[in-house]
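This report refers to the structure that appears directly beneath it.
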Amino acid sequence: MPSSSVSGWRGVSASTDPRQRAAGVLARVDSAGAYAARLLGDAPPLTRELVFGTLRWQRTIDHLLTPYLHRPLSALDPQVRAVLRLGVYEAQRLSTPPPVAVAEAVRVAKATCRPAAALVNAVLRKAAHAAWPETEDRSLALGLRLSHPDWMVERWRGLFGEALLATALAADQEPAPLSVLAAGDTEQRLRAAGCELVPHPWSRAVRVVTGNAAAAVRIVAEGGGYALDPTAALVARLAPWVAGIRVLDLTAAPGGKLLVLDAHSEGLVLVGADRHLGRVVRLRRTLAARGCGAAVLVADATAPPFVSGRCGLVVVDAPCSGTGTLRRHPEIRWRLRAEDLPGLAAAQRRILAGAVGLVAPGGHLLYATCSLEPEENEQVVVGLALEPVPLASALPPGLAFVQRPSGGVVIPPSAWGDGFSVHLFRRPA
Ligand SMILES: C[S@@+](CC[C@H](N)C(=O)[O-])C[C@H]1O[C@@H](n2cnc3c(N)ncnc32)[C@H](O)[C@@H]1O
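Residues 13 to 441, numbered by our numbering, are exactly what the sequence shown covers, in order.
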């Protein structure tokens with residue numbers, strides 16, 4: 013079956029069968045460059061677990077499958093590849109007994125790629141029992157044991173050193189807990205639904221939510237609170253502010269940074285802009301539902317339609333590779349190439365060039381990305397006609413970070429939050 017036939021699996025990803033749906037989503041992520049989180053929508057917990065777990069552990073899973081295949085995995089149809097990977101993940105990492113996991117994968121194969129069902133059965137019966145690599149087994153590459161591409165491991169080793177590298181890789185292999193910016197009666201509603209809320213040590217407005225995940229997701233979707241990573245919340249508050257200043261978030265959708273600024277910093281005049289109309293429409297709805305009165309408009313940050321030199325704070329939370337967010341978007345690691353980074357950096361430079369002139373004398377520019385890569389961060393801010401402001405003393409005690417020569421910091425992903433890179437600049441008064 014040719015790979016292009018995968019477009020025929022659209023219906024499969026909407027299947028009510030959790031494994032069939034998971035296989036359909038995985039095939040589309042693999043072959044069509046789709047993002048799992050978007051395709052999953054309201055998928056049941058088992059489907060989500062199968063999709064995210066399989067994507068997180070894809071390299072390790074492929075290592076177990078390879079000895080039992082006569083052809084490279086890459087030569088198989090994406091749907092067959094998806095069923096094989098999903099079968100190994102379920103047999104090896106979930107509590108499903110391996111024979112049941114294999115039988116379920118064969119059932120999905122019969123329903124979705126019947127000619128390959130015998131192959132799936134033969135391969136999975138062996139791979140389901142193969143030895144999963146020990147995390148401490150130094151005879152195997154670290155990237156294989158913790159399922160990341162070697163190029164990424166090597167550049168993060170250089171950036172973080174061994175200890176933080178291990179923390180970052182291990183963090184990427186666990187799901188991110190739900191954390192929310194609580195507002196209004198959200199906390200009461202979540203508690204009434206059986207959720208527990210723990211204040212996050214980095215940010216007083218962020219609560220980590222456990223228990224009754226389904227109810228929590230529903231309450232947040234209804235506009236109760238806003239799901240936001242704790243590091244993203246922390247980053248938004250790193251710029252100093254005084255009441256009355258105009259704050260412009262030039263890349264504002266979906267709205268997390270604006271909501272944090274609104275919650276933490278009274279008396280700011282908030283304006284949010286984004287290039288994409290659809291995202292601005294959703295941003296406006298999100299802010300209104302949470303009582304945030306920021307003005308919102310469509311604008312291209314590379315040619316911003318604002319008067320120069322008037323903003324006390326300009327925030328650029330730039331579109332980026334997202335390598336700090338692999339807990340939430342595990343597929344990025346299999347898709348991104350080091351060669352993609354210069355293209356992203358060029359777009360970031362254009363946005364920053366538009367942003368710099370908007371900063372008022374004495375005002376600040378906050379440049380952040382959820383990328384850990386120097387190309388998208390310290391190399392992008394080189395030559396800005398602004399003074400770097402040291403950030404280390406503004407970070408919470410105990411937070412691991414790497415200070416860069418550019419004055420910015422890189423926060424690696426951890427069990428506490430996603431990875432981010434941040435720079436703060438000031439225009440002399
Ligand atoms: C990382 S997201 C921003 C996240 C947001 N600040 C938050 O906290 O929720 C990057 C945003 O930049 C927007 N964007 C990309 N290129 C842009 C441009 N040239 N001008 C304005 N917005 C742009 C994208 O539409 C996207 O919404």
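The beta carbon of each residue, even a glycine, is placed where N, CA and C say it ideally should be.
Residue i: first and last residue of the uninterrupted alpha helix (DSSP H) it sits in
i: residue 101; result: 90 to 105
i: residue 276; result: 268 to 276
i: residue 59; result: 57 to 68
i: residue 243; result: 242 to 248
i: residue 447; result: Past the edges of the chain, shown from 13 to 441, lies residue 447, and the structure says nothing about it.
i: residue 172; result: 162 to 172
i: residue 48; result: 48 to 52
Same chain, Cβ closer than 7 Å to residue i, five either side skipped, listed in chain order
i: residue 65; result: 101 and 105
i: residue 247; result: 380, 432 and 434
i: residue 397; result: 368
i: residue 302; result: 195, 235, 238 and 271
i: residue 273; result: 248, 259, 280 and 282
i: residue 8; result: Nothing can be reported for residue 8, as the shown portion of the chain is limited to 13 through 441.
i: residue 383; result: 332, 333, 334, 335, 336, 389 and 433
Own chain, CB closer than 6 Å to residue i, minus 5 neighbours either side, in chain order
i: residue 166; result: none
i: residue 241; result: 429 and 430
i: residue 374; result: 441
i: residue 20; result: Residue placement at residue 20 cannot be trusted, given a pLDDT of 41 that sits under 50; the coordinates are not used to answer.
i: residue 239; result: 192 and 232
i: residue 267; result: 295, 298 and 299
i: residue 14; result: Low local confidence applies: a pLDDT of 32 at residue 14 is under 50, so the model's placement there is unreliable, and no value is given.
i: residue 35; result: 94, 95, 98 and 120
i: residue 62; result: 34 and 98
i: residue 207; result: 221, 223, 224 and 228
i: residue 408; result: 214
Sequence-distant residues of its chain with Cβ nearer than 8 Å to residue i (five each side left out)
i: residue 288; result: 265 and 310
i: residue 74; result: 85 and 97
i: residue 32; result: 24, 120, 123 and 124
i: residue 320; result: 369 and 370
Beta-carbon spacing of residue i, residue j below 7 Å
i: residue 236; j: residue 198; result: yes
i: residue 76; j: residue 129; result: no
i: residue 30; j: residue 72; result: no
i: residue 176; j: residue 427; result: no
i: residue 281; j: residue 249; result: no
i: residue 338; j: residue 349; result: no
i: residue 416; j: residue 385; result: no
i: residue 277; j: residue 253; result: yes
i: residue 80; j: residue 139; result: yes
i: residue 395; j: residue 314; result: no
i: residue 359; j: residue 387; result: no
i: residue 251; j: residue 227; result: no
i: residue 371; j: residue 378; result: no
i: residue 439; j: residue 401; result: no
i: residue 403; j: residue 436; result: yes
i: residue 117; j: residue 88; result: no
i: residue 220; j: residue 229; result: no
i: residue 284; j: residue 308; result: yes
i: residue 180; j: residue 424; result: yes
i: residue 68; j: residue 342; result: yes
i: residue 263; j: residue 329; result: yes
i: residue 103; j: residue 113; result: yes
i: residue 188; j: residue 50; result: no
For residue i, the first and last residue of its enclosing beta strand (DSSP E)
i: residue 257; result: Residue 257 -> no beta strand (DSSP E), and no H or E assigned at all.
i: residue 437; result: 432 to 438
i: residue 457; result: Here the chain comprises residues numbered 13 to 441, so residue 457 is not present and cannot be evaluated.
i: residue 307; result: 307 to 310
i: residue 372; result: 371 to 381
i: residue 421; result: 421 to 423
Neighbour flag for residue i against chain D, beta carbons, 7 Å
i: residue 328; result: Protein chains in the displayed structure number just one, and chain D is not present.
Residue ranges of each beta strand (DSSP E) within the segment 184 to 230, 3 or longer:
The segment 184 to 230 contains these whole beta strand (DSSP E) runs: 190 to 193, 208 to 212 and 215 to 222.
3 or more residues per run - each beta strand (DSSP E) lying fully within the segment 302 to 356:
DSSP runs (the beta strand (DSSP E)) wholly in the segment 302 to 356: 307 to 310 and 323 to 329.
Length at least 4, wholly inside the segment 98 to 154: the alpha helix (DSSP H) runs in chain order:
Here the runs fully enclosed are 110 to 124 and 129 to 139.
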